[in-house]
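What follows is the structure, encoded as structure tokens:
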């Protein structure tokens, strides 16, 4: 992020705007689908964020009220260019649904029942699942490479809680944050006492 | 222009934005309450159609509902006002959160919290991926191995092919998604494989 501070010209804002716009244009299915796209675009593509920071921002976005895509865009825009940046990225995130749903709302039955639309969207689901699988595989491997037991346990427990038990994801995030808080406090106390 | 309707839209969707925690379907009962129970802006059938459309189009369901209801009630100005209402609270609260994050990011305590949040996010991303994978395989319930049709195998093929392309060639994810969509069309129209 620091690298870009000197060069905040119109080109920078345009890149930021179009990157968020593209990501939101392809965030089908909502919520976490945005993460792999953000990671590919902002971390691997533009190099504006570290992977870890993307994860942090996603965790914050998920534990804040409102759609994840909107929250993520606010956080990314602010980290890149302050409040002004946040307004630009939120605008970019609002545009795709605003344009698409306004257009569809005038003829939504025709859209819903159109064969070509249904085929493309059905087939794209498999592509989206692959994109997420790719990113989740990379991130999961990193958690194992860290060779710490607590993050690995948390990863599996959170998966079970969300997938098999169906616990609200915001609640899961908050619980994991609390676990982090208390284990850190405990380690600090133990470290200080020793 | 009826400003009363616009104000109503803004206030209703402000509440939808403020109280939808947990994202996606967790927010549904609340959106339903605001636009069907409280206001009678949509019928249950129309609401179900929004759900179907939201599954098929990009964008968060809360925003999609705002745009749809806004357009219905007051045309394009309505859709803009409803969407702005929906994002007001999330954007404000996110700004406060990110200011705190920026300020305290390097604190040891904050690092401890974040080190436990990151693996949780990995898990939640996997769950999202798995759910979408299952939608790609099974169009209809029940989701079990006895209920696999041609479309399921096409979905599985597209998933494996896309995954391979991503890992092997590091292709842009958007291109991979489009590749899957176009392959679906080719399979249906050129080879006559029933996938919907």
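Chains as they are written, first to last, in the numbering used here: chain D, 1 to 194; chain W, 1001 to 1196. For glycine and all other residues, C-beta sits at the position ideal for the given N, C-alpha and C.
### Task
Could you work out which residues of chain D lie near residue 1144 of chain W, taking near to mean beta carbons separated by less than 7 Å?
Under the 7 Å cutoff, chain D gives no residues; its nearest Cβ is about 16 Å from residue 1144 of chain W.
### Task
Give the secondary structure of residue 1173 of chain W by DSSP, where H, G and I count as helix, E and B as strand, and everything else as coil.
helix
### Task
Determine contact between the region 16-25 of chain D and the region 63-80 of chain D, defined as no fewer than three beta-carbon pairs at a distance below 8 Å.
yes
### Listed by chain order, chain D residues near residue 1071 of chain W by CB distance under 7 Å
102 and 105
### Query
residue 51 of chain D: which of W:1077, W:1121, W:1037 and W:1010 sits nearest, CA to CA?
W:1121
### Query
Between which two residues does the alpha helix (DSSP H) harbouring residue 203 of chain D extend?
Outside the displayed span of chain D (1 to 194) sits residue 203 of chain D, for which this structure offers no information.
### Query
Using 8 Å as the limit for Cβ to Cβ distance, is residue 42 of chain D near chain W?
no
### Query
Using a Cβ-Cβ distance under 8 Å, would residue 127 of chain D count as near chain W?
yes
### Message
I'd like to confirm the pairing. Which residues does DSSP put opposite residue 28 of chain D in its beta bridges?
### Response
W:1058
### Query
In or out: residue 1183 of chain W buried (at least 16 other Cβ within 10 Å) or exposed?
buried
### Message
With a threshold of 8 Å between beta carbons, is residue 74 of chain D in contact with chain W?
### Response
yes
### Query
So does the region 1047-1056 of chain W actually touch the region 171-185 of chain D, counting three or more Cβ pairs closer than 8 Å?
no
### Query
For chain D, is any of its Cβ atoms less than 8 Å away from the one on residue 1106 of chain W?
no
### Task
Using only alpha-carbon positions, find the residue among W:1032, W:1006 and W:1060 that is nearest to residue 1076 of chain W.
W:1006
### Identity of the residue in W:1116, W:1153 and W:1148 nearest residue 153 of chain D by Cα
W:1116
### Query
At a Cβ threshold of 8 Å, is residue 3 of chain D touching chain W?
Per-residue confidence for residue 3 of chain D stands at a pLDDT of 48, beneath the threshold of 50, marking its modelled position as unreliable; the derived number appears in the next sentence. No - not a single Cβ of chain W is within 8 Å of the one on residue 3 of chain D.
### Query
Taking any Cβ of chain D, which residues in the region 1167-1194 of chain W have a Cβ under 9 Å from it, in chain order?
1167, 1170, 1172, 1173, 1174, 1176, 1177, 1178, 1179, 1180, 1181, 1182, 1183, 1184, 1185, 1187, 1188 and 1189
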